[in-house]
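Colleague:
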Amino acid sequence: LLSFVIKAVTAGLREAPAFNASLDPFREEIVYKKYYNIGFAADTGRGLVVPVVNGTDTMSIVQIADQVYDKATRARDGNLPAEEMRGGTFTITNIGPLGGTALMPTINYPEVAILAMGKVQKKPVVRDGEIVIRKMLPLTLAFDHRIADGADAARFVAELVRQLSDPNLLLMET
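Heads up, the sequence shown is in my numbering, so the first residue is 18 and it goes up one at a time.
#1: Assign Glu43 to buried or exposed, taking buried as 16 or more other Cβ atoms, counted over all protein chains shown, within 10 Å of its Cβ.
#2: So what does DSSP say about Asn185, is it helix, strand or coil?
#3: Who are the Cβ neighbours of Leu187 in its own chain at under 7 Å, not counting the five residues just before and after it?
#4: With distances taken between CB atoms, is the gap from Tyr52 to Asp74 smaller than 9 Å?
#5: Could you tell me which uninterrupted beta strand (DSSP E) segments, each at least 3 residues in length, are contained entirely in the region 103 to 134, listed from first to last along the chain?
#6: If you compare alpha carbons, which of Ala171, Asp60, Arg151 is closest to Ala193?
#7: Look up Leu18 in the DSSP assignment and say whether it is helix, strand or coil.
#8: As a quick exercise: from His162, Ile164, Asp161, Leu156, pick the residue whose alpha carbon is nearest that of Ala5.
#9: So which of Ile131, Phe57, Met121 has the shortest CA-CA distance to Tyr86?
#10: Measuring CA to CA, which of Gly146, Arg93, Phe36 is closest to Gly64?
#11: Would Val66 pass as a contact of Gly105 if the rule is Cβ separation under 9 Å?
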């Protein structure tokens, strides 16, 4: 699931560049990144680390999945070098595998935003006037209000939902 979310986030960041930026406190300016390096929180026996998958805009979902697996495995084994945890432009954290359904994540400075994923659960929803059971993925976006506002966040999350609701869109992204 994480590789699909990384791909959806990458597509969303193209539409909402404020979330793929950083604040340079010394120059007092916003730096908009033209590259997409997505970090993901990895739980290890020595604490949380954030490996970074570089260039997610040029990768397929399978390539992203391979990178996530490789980096998470090396992080858990204590073999991930520090340089593979630097240079992220956006971070995703996922408490779903631990059973968590909600989280207020902390932004990974100097990034502008972080997305938290909860546990996927089957829930009743209304579709075309009918109550049906669908898999629902709780998402929480935390962001720096100095860079973006609630309307920007709503549009970004709406794009994520659109992308994740139709995996064919993600399969065409590269």
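Where is the CB? At the ideal position from N, CA and C, for every residue including glycine.
Modeller: Result, derived from the coordinates:
#1: The sequence shown places Phe at residue 43, rather than the Glu named in the question. With fewer than 16 Cβ atoms within 10 Å of its Cβ, Phe43 is classed as exposed.
#2: helix
#3: Phe21, Lys24, Ala25, Ile78, Gln180
#4: yes
#5: 107 to 111, 130 to 134
#6: With the chain running from 18 to 191 in the structure shown, residue 193 is simply not present.
#7: coil
#8: Coverage of the chain is limited to positions 18 through 191, which leaves residue 5 absent and any answer about it impossible.
#9: Phe57
#10: Arg93
#11: no
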